[in-house]
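Shown next, in structure tokens, is the structure this report addresses.
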């Protein structure tokens, strides 16, 4: 395999930076000079990679010099804390079925999906350095070979690992037992042999994960047992004969102690109406009928099987789940962030407050669950889907006429105003986007997804890691970590323009428009799929004017959400 120090020639390696300097000299120099990662240097690295391909895939047609990588097909950006700064960097790349040829080098990402291509060579040992890789590593259906590196076990936050349909040999590394967050592992259709590590995940895994390998064995249904040599078996029986009486005594003592402790705790435990706790590793709060529990959700989604996914974002995946009583709910499975891992108590208290919210334009949150393997929120299921999906669908977008769009903006403004001004303490959503505004079959709007929401502290010390979606985040968050209500106001302004234009207003966000320019641009920014407004003309102009006031670069110049809502209904 071509080494990282050799010339690329017709082959290439992907070099995406997360927390380490890129191998390209220009990026390395920039990282040293500025003490962090530059989106511009990543931009150049990606274009350099594209240029090395003899025939770039169609997915790369949007990869252009004059556009941000965050807007390219297959690329997702995330704000990475670096001191007091929160620079955006490319963290996820997804190019399945792209027909890419080459050898596989190091990739410094949070999520990597390059299945169904023609990568060859072995997985580099340096893959274990991707400490931030947590959502997915999918290299299936390539021509990869060699042994699986022990360093894969360092990916302790990884949830999904698919190595199937390659030519990997040797055994499954014992280090896989360290991957405690792993919920799916597929090594089928390889040349693996030897014992399957005895982890809880692998012991209870689907047989299909191990199919068509050279000689895997273990205590798993569908796999043959691993046989020892006669000599080894004799020694084991001898040792077992000596240890059995001791182990039996110790085991009985432990059982007796556990029974006593359980009886004592049962007498001391106070009934809790809405809280379900299963040991120190599971904490869940439900505002439902008192019976909804962690196991119900896991069972309803078949352990979060991909076939139940109805939405995916930068902070988690949304699953459709049918409970035992037939009710449909939406389950948002969150990616674990460093901020939440460091402050679980705050997360629990904030989720309890959010689960109490009852407002007609806010999706009802039944509860949440915090667990080492999963952290998810449970919401009411809204049938039509997101505003973003509706605007992308020609038929639905046309049905969402000007009257409905103005009413939709009113609903969203009322919901955010409620969070800011009627909740005590106030609540900041932090991720108001068209993907997080759901519509029912009558196009009534509901604000959803409180996975990044924060309750404001009365002492105003509301420091937080940057959260939100690229293209909706207030500009002041690029140089300060203090979250205020005006951050939601800015995001609301973006959504309103998206509603009016029928697409994200990224071109309009590049500069500051004066009032005169706004009047000239109104006719040009209206969604051309709808007929020219007649009776709604004045209200639509008022809505556009409000949107631009919400997009003021100075937070102090933006209206409050109460003022915005009052302006719309007066």
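Numbering (mature numbering (1 follows the signal peptide of the UniProt record, and there is no 0)), first residue to last: -31 to -1, 1 to 539. Cβ coordinates follow ideal geometry from the N, Cα and C atoms, glycine included. Here the structure is a predicted model, which means the values were calculated and not measured.
For residue i, name the three-state secondary structure that DSSP assigns.
i           : result
residue 136 : strand
residue 34  : coil
residue 195 : coil
residue 123 : helix
residue 529 : coil
residue 552 : Residue coverage of the chain in this structure runs from -31 to 539, which leaves residue 552 outside it and unanswerable.
residue 349 : strand
residue 392 : coil
residue 160 : strand
residue 250 : Note that residue 250 has pLDDT 45, beneath the 50 cutoff, so the model's placement of it is unreliable and no number is given.
residue 334 : strand
residue 517 : helix
residue 100 : coil
residue 115 : strand
residue 41  : coil
residue 86  : coil
residue 131 : strand
residue 288 : strand
residue 8   : helix
residue 105 : strand
residue 183 : coil
residue 322 : helix
Between which residues of its own chain and residue i is the CB-CB distance below 7 angstroms, once the five residues before and five after are set aside?
i           : result
residue 441 : 401, 402, 460, 463
residue 151 : 127, 128, 130, 170
residue 384 : 328, 330, 331, 416
residue 181 : 157, 158
residue 375 : 505, 508, 509, 512
residue 369 : 359, 412
Out of curiosity, what's the CA-to-CA distance linking residue i and residue j?
i           : j           : result
residue 381 : residue 133 : 45 angstroms
residue 378 : residue 451 : 27 angstroms
residue 453 : residue 406 : 20 angstroms
residue 323 : residue 301 : 14 angstroms
residue 177 : residue 88  : 23 angstroms
residue 414 : residue 524 : 26 angstroms
residue 188 : residue 275 : 26 angstroms
residue 465 : residue 513 : 7 angstroms
residue 448 : residue 220 : 58 angstroms
residue 98  : residue 124 : 8 angstroms
residue 472 : residue 360 : 7 angstroms
residue 456 : residue 155 : 42 angstroms
residue 281 : residue 287 : 6 angstroms
residue 11  : residue 496 : 34 angstroms
residue 291 : residue 346 : 15 angstroms
residue 266 : residue 86  : 35 angstroms
residue 554 : residue 39  : The displayed coordinates of the chain run from -31 to 539. Any statement about residue 554 would go beyond what the structure contains.
residue 350 : residue 289 : 8 angstroms
residue 320 : residue 104 : 23 angstroms
residue 226 : residue 264 : 27 angstroms
residue 531 : residue 338 : 32 angstroms
residue 33  : residue 439 : 18 angstroms
residue 396 : residue 515 : 22 angstroms
residue 271 : residue 293 : 13 angstroms
residue 147 : residue 166 : 11 angstroms
residue 192 : residue 106 : 25 angstroms
If distances are taken between C-alpha atoms only, which option among the options comes closest to residue i?
i           : options            : result
residue 371 : 500, 14, 34, 338   : 500
residue 102 : 468, 457, 304      : 304
residue 477 : 520, 502, 447, 443 : 520
residue 506 : 140, 469, 524      : 469
residue 273 : 143, 122, 153, 218 : 153
residue 474 : 494, 518, 456      : 494
residue 93  : 110, 266, 119, 109 : 119
residue 419 : 57, 511, 317, 373  : 317
residue 352 : 95, 279, 327       : 279
residue 536 : 511, 59, 162, 409  : 511
residue 358 : 397, 325, 404      : 404
residue 296 : 285, 277, 269      : 269
residue 409 : 355, 91, 390       : 355
residue 373 : 502, 389, 458      : 502
residue 139 : 145, 116, 122, 149 : 116
Excluding the five sequence neighbours on either side, which residues of its own chain have a C-beta within less than 6 angstroms of the C-beta of residue i, listed in chain order?
i           : result
residue 257 : Reliability of the predicted coordinates at residue 257 is poor, the pLDDT of 48 falling under 50, and the value obtained from them is presented with this limitation in mind. Answer for residue 257: 335, listed in chain order.
residue 259 : Reliability of the predicted coordinates at residue 259 is poor, the pLDDT of 41 falling under 50, and the value obtained from them is presented with this limitation in mind. Hits under 6 angstroms: none found.
residue 298 : 290, 347, 350
Identify, in the order they occur along the chain, each residue of the same chain with its Cβ nearer than 8 angstroms to the Cβ of residue i, setting aside the five sequence neighbours on each side.
i           : result
residue 136 : 112, 113, 114, 159, 160
residue 327 : 333
residue 224 : none
residue 8   : 37, 38, 39, 46, 56, 57, 58, 59
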